[in-house]
Every structure is written in C-alpha cells, then in structure tokens.
Amino acid sequence: MRFALRRGGGFLLSVAILVVVTFLIVPLLPGDPAVVAAGEGATQEQIAQTREALGLEQPLPVQFWQYLVGIFTLDMGYSFASGTTVTAAVFSRLPFTAEIALLAILAMLVIAIPLGMGVAILTRGGRNAWVDHVFNAVTSLVYAVPNYVLATLMIFVLAIKLGWFPAGGAATLSALVLPTVAIMLGPACVIARVVRREAVTILEQDYVRTARGWRLSPWRVNLRYVFPNLMTTTLTLSGLILAGMLGGAVVIETVFGWPGLGKGVVDAILMRDYPVIRGIVLLLGVLATLLIILVDVILAIVDPRNLSGGNANG
C-alpha cells in the first residue's frame with residue numbers, strides 16, 4: 018500500500034511539473050508569443066488569429082486553467098500547420114514511436130544482460146583478461162559515438178552502399194531495423210558494462226561459492242543465484258536509461274524520417290506549431306515517467322524486498 022502511494026505521489030508530482038513546464042513554453046517566448054508563433058511576415062490579422070488560438074488575450078492564470086481543462090478533456094487546440102486537432106496530430110504519431118521504442122528496449126535487454134554476464138563469467142578470477150579488454154574498448158567506443166553519427170554511418174553503409182535496409186521512412190518492416198539499432202546501441206553498452214561489474218561482484222559472494230561447493234551446474238548457479246541479484250541494480254539503471262531513450266528518439270526519428278513523436282516535435286518546432294509542441298513534449302514526459310514507474314513495479318515483482326528497501330543480495 019505504501020509502495021503504491023509513494024509511486025502514485027511521485028507520478029502525480031512529475032506530471033504536475035510537466036504540465037507547468039509545457040504550459041510555460043508559450044508565455045516564456047521572448048517578445049510577443051503571437052508574433053513569434055505566427056512567423057516572420059505575418060499580417061496583423063494572422064497575428065490576432067494566432068493570439069486567439071493560443072488564448073493569449075486572457076490573463077495568465079486563466080490561460081493555465083484553460084490549458085489544464087484542455088489536457089483533461091483531450092482538447093488542446095488545433096495544429097497551426099495541419100489544422101487538425103492537437104490530440105489527433107499527437108496520437109497519430111504515437112504508434113510509430115511506441116513501435117521502435119519497445120523493440121529497442123527488448124533488443125537492448127536481450128543483448129546487454131547476457132553479454133555482461135557472459136563477460137563476467139569468462140573473466141572471473143582474472144581469466145581471459147583479453148576478453149575484458151576487448152569488451153571495455155568496444156563498449157566505450159560505441160557509447161562515445163553520438164547516436165546520430167551511428168545512424169548516419171548505418172544509413173551510408175547498410176542502406177546506401179549495401180542496400181540491405183531502407184534509408185528512411187516507415188513503408189516496410191525492414192525500415193524498423195536501422196532506427197531501432199541506432200537507438201539501442203549506446204544504452205545497451207551502458208547496461209552491459211553495469212551487468213558485468215555487478216556480476217563480477219556477485220560471483221565472488223559467499224553464497225555463490227557455497228552453491229558451487231554443492232556441485233550445482235554452472236547454468237543453475239548463474240540463473241538461480243547470480244541473475245536474480247543482478248536485476249535490482251540493472252533494472253533501476255535501465256529505467257533511467259530507457260526514459261532517456263525517448264529523448265534519443267527525437268534525433269533518430271529525424272535522421273531516418275520515421276513519422277513518430279520525435280520527428281513530429283522537430284517538425285513542429287521548425288514550423289512554430291506551439292500547440293503541437295506542447296502536446297508532444299507533455300506526452301513524451303508522461304511516457305518517460307510511466308516507464309520509470311513500470312520498472313519499479315517490475316523490481317517489486319522480481320524481489321518483494323524492494324518494497325521496503327531491503328537488501329536484495331543473498
């Protein structure tokens with residue numbers, strides 16, 4: 018009960034901050050927000066229409082109240098660029114971002130956790146030091162390269178030179194591969210390094226040595242005693258990294274022309290479509306917060322001692 022109240026309170030506080038921040042996107046614009054939103058060369062009539070569309074003729078508290086009502090009624094105004102409702106403009110892009118985000122998360126965990134554990138097991142006790150050196154060098158190099166640079170290199174080599182995948186768009190299933198890989202490579206390196214470090218520590222614990230002394234098979238020792246005790250640290254860090262991946266999607270979707278929320282917010286910024294910017298930023302923030310809470314729930318399921326902050330080891 019306390020766990021649910023604590024997480025629920027944290028979620029509501031995060032959403033409240035998001036609502037305030039996204040509301041302030043327009044009032045904090047330098048100069049007259051209506052002039053900025055209407056764009057250079059706009060007529061006085063167009064500026065007046067923009068001011069009315071943004072509700073700028075009202076006092077600030079009234080604007081904020083109208084914004085809150087719009088959020089709860091899913092009526093956040095209309096897109097300046099397309100004329101459609103902000104709700105339709107935002108939610109039409111959500112499935113595309115959800116598609117690559119979920120694939121990237123699954124691919125990252127499926128690759129990073131076994132890789133980190135495998136390296137820790139192979140190098141336990143100082144054995145196979147070269148494996149550790151290669152692992153550290155490769156993961157450091159991949160993580161150091163910005164994801165948009167990796168995305169550009171993949172487009173040049175795998176799409177243009179070799180023709181294995183489309184260079185952009187979302188017309189085919191194969192178009193999912195490159196943006197998914199570009200989003201998950203860096204985070205996968207971080208998670209793999211954390212898993213390796215934690216696994217090295219756990220492999221030297223007394224209870225793991227005792228399990229080996231019982232002549233249990235290595236597979237059983239690793240799955241029964243090592244893997245569960247990795248999950249608390251790994252999932253805690255993963256929640257923060259996965260939330261950050263939504264931010265990385267903004268750049269990657271733009272590079273690949275993927276019609277998701279990331280490309281949508283970039284297009285809206287270029288067109289000064291502030292109602293859409295508000296809607297997408299708010300949704301991305303809520304999704305990131307929900308993702309972190311979901312990781313906390315998974316942690317509580319994996320080890321109920323996390324509900325009371327107990328030590329997961331042993």
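Using our numbering, the letters of the sequence shown correspond one by one to residues 18 to 331. Beta carbons: idealized from backbone N, C-alpha and C, even for Gly.
Ala161 and Ser234 have their C-alpha atoms some 38 Å from each other.
At a Cβ-Cβ threshold of 8 Å, Thr251 and Glu221 do not count as neighbours. Taking the CA atoms as reference points, Ala121 sits about 12 Å from Ala129. DSSP places Thr271 in the helix class (H, G or I) of the three-state scheme. The C-beta separation of Pro276 from Phe113 comes to about 5 Å, placing the pair in contact by the 8 Å criterion. By the neighbour-count criterion, in which 16 or more other beta carbons inside 10 Å mark a residue as buried, Glu69 falls on the exposed side.
Counting along the chain, Thr169 sits inside the alpha helix (DSSP H) bounded by residues 164-171. Between the alpha carbons of Arg237 and Val243 lies a gap of roughly 9 Å. Ranked by how close their Cα comes to the Cα of Leu91, the residues Val155, Ala105, Ile64 have Ala105 in first place. Closest by C-alpha distance to Asp290, out of Thr67, Val36, Leu29, Lys178, is Thr67. Ala188 sits exposed, since fewer than 16 C-beta atoms from the chains shown fall within 10 Å of its C-beta. Sixteen is the threshold: since fewer than 16 other Cβ atoms of the shown chains lie within 10 Å of the Cβ of Thr227, the residue is exposed.
Taking a C-beta distance under 8 Å as the contact criterion, Val298 and Thr101 do not qualify as a contact pair. Unbroken alpha helix (DSSP H) runs of no fewer than 4 residues, entirely contained in the stretch 181-237, are found at 194-220, 223-230, following chain order. Per the C-alpha coordinates, the member of Thr218, Ile310, Thr253, Leu193 positioned closest to Ala266 is Leu193. 8 Å or more divides the Cβ of Thr156 from the Cβ of Asp149. Excluding the 5 residues flanking it on each side, Ile88 has same chain C-beta neighbours closer than 8 Å at Val36, Leu299, in chain order. Assignment of Thr114 by DSSP, reduced to helix, strand and coil, places it in the helix class. Annotated three-state conformation of Thr60 is coil, per DSSP.
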